[in-house]
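Read the structure below first, then the notes.
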Amino acid sequence: MALLALMLFQMNKLYQHILDSISRSEKLLAVLIDPDKMQVERVSGFIAMVNQSIATHVFVGGSEVQEGLTETLVVEIKKHTKLPVILFPGDVIQVTDKADAILFLSLISGRNSEYLIGKHVEAVSKLKTTNLEVLPTGYMLIENGRQTSVERISQTKPIKRKSVKTITHTAKAGELLGMKLIYLEAGSGATHPIEAEIIHQVKQELRIPLIVGGGIRSKKELYLAFNAGADLVVIGTVLEENDDFIVSISKYR
Ligand code: 1GP
Numbered sequence: 171m172a173l174l175a176l177m178l179f180q181m182n183k184l185y186q187h188i189l190d191s192i193s194r195s196e197k198l199l200a201v202l203i204d205p206d207k208m209q210v211e212r213v214s215g216f217i218a219m220v221n222q223s224i225a226t227h228v229f230v231g232g233s234e235v236q237e238g239l240t241e242t243l244v245v246e247i248k249k250h251t252k253l254p255v256i257l258f259p260g261d262v263i264q265v266t267d268k269a270d271a272i273l274f275l276s277l278i279s280g281r282n283s284e285y286l287i288g289k290h291v292e293a294v295s296k297l298k299t300t301n302l303e304v305l306p307t308g309y310m311l312i313e314n315g316r317q318t319s320v321e322r323i324s325q326t327k328p329i330k331r332k333s334v335k336t337i338t339h340t341a342k343a344g345e346l347l348g349m350k351l352i353y354l355e356a357g358s359g360a361t362h363p364i365e366a367e368i369i370h371q372v373k374q375e376l377r378i379p380l381i382v383g384g385g386i387r388s389k390k391e392l393y394l395a396f397n398a399g400a401d402l403v404v405i406g407t408v409l410e411e412n413d414d415f416i417v418s419i420s421k422y423r
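The opening position of the sequence shown corresponds to residue 171 in the working numbering, with each subsequent residue numbered one higher.
Below, the structure is given as structure tokens:
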């Protein structure tokens, strides 16, 4: 029995760490690396800066990534950091056992069954052969003024910003279905991040951790999201656009 409890604890190690951080009112920050945009030679220098920053997690994934690239990148990242590396896959080919965990994303804002359950069935034969911690995540695309790659690839519409009730009820439905995380996504490089009021309303509804990402380009926007109720914020594009951003969120400033 004790062994089983220990195994279950190990299986939920990263999730438990997220819950523990929230109970200590600590905010979490994930740096998103798109294998398609990061050259392997740049990883050590970039990760050295990430290690000096307030980032707590590294997410790896993208909408359209060549087979094998994700694994190569994850192996390189893990050589240079002790931060947990979590897959944020756009497709099944991005699954690799070299990471610590995977966001098992179901696109609950849309009605394309492939992205609600189809890709997940496809992923099982790979997942069964890995020790990845699987984090079932209700992924919700919220309108931000322009078409995002998630919208284009999944052929789904985001939920309108004004439909706050639909947003909060979709998030709650995800929780009631047993998802362990809800991810509010404005889309990579979004013109505007998710509004603070939406984050606040969703957080009020939920008992599970809330992830927020898309279009966050300044420290001000980062802390707006945290203060509104995001437990974990994801930033990606700003790191590609502005070399100084990662330095500006150093732990030692
Ligand atoms: C994208 O939410 C993530 O899926 C991060 O978005 O690249 O705009 O920071 P950005």
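From the three backbone atoms N, C-alpha and C, an ideal C-beta is built for every residue, glycine too.
| Asked | Found |
| --- | --- |
| Assess contact between the segment 350-361 and the segment 291-299, defined as three or more Cβ pairs (one per stretch) separated by less than 8 angstroms. Is contact present? | no |
| Drop a sphere of 10 angstroms on the beta-carbon of residue 339, count the other beta-carbons inside from all chains shown, and report buried for 16 or more, exposed for fewer. | exposed |
| Taking 8 angstroms as the line, does the beta carbon of residue 202 fall inside it for any heavy atom of ligand 1? | yes |
| Taking just the CA atoms, how far does residue 208 sit from residue 331? | 31 angstroms |
| Distance, Cα to Cα, residue 418 vs residue 382? | 20 angstroms |
| Looking at the secondary structure, which residues open and close the beta strand (DSSP E) in which residue 307 lies? | 303-311 |
| Which residue from 251, 206, 401 and 252 puts its Cα closest to that of residue 189? | 401 |
| Out of 336, 350 and 404, which has the shortest C-alpha to C-alpha gap to residue 384? | 404 |
| At a cut-off of 8 angstroms, is residue 386 close to ligand 1 when judged by its beta-carbon and the heavy atoms of the ligand? | yes |
| Considering residue 372, what are the terminal residues of the alpha helix (DSSP H) in which it resides? | 366-375 |
| For residue 347, is the classification buried or exposed, using 16 other Cβ atoms within 10 angstroms of its Cβ as the cut-off for buried? | exposed |
| For the beta strand (DSSP E) that contains residue 230, what are its first and last residues? | 227-230 |
| Which residues in the same chain as residue 194 place their Cβ atom closer than 7 angstroms to its Cβ, once the five residues preceding and following it in sequence are excluded? | none |
| Is the beta carbon of residue 358 within less than 8 angstroms of some heavy atom of ligand 1? | yes |
| If contact is defined by three or more beta carbon pairs under 8 angstroms, each pair taking one atom from either stretch, is the segment 245-256 in contact with the segment 278-294? | no |
| Are the beta-carbon atoms of residue 202 and residue 399 separated by less than 9 angstroms? | no |
| Is residue 372 near ligand 1 - that is, is its Cβ less than 8 angstroms away from at least one heavy atom of it? | no |
| Short of 8 angstroms in beta carbon distance, which residues of its chain neighbour residue 321, apart from the five on each side in sequence? Order them along the chain. | 311, 327, 328 and 357 |
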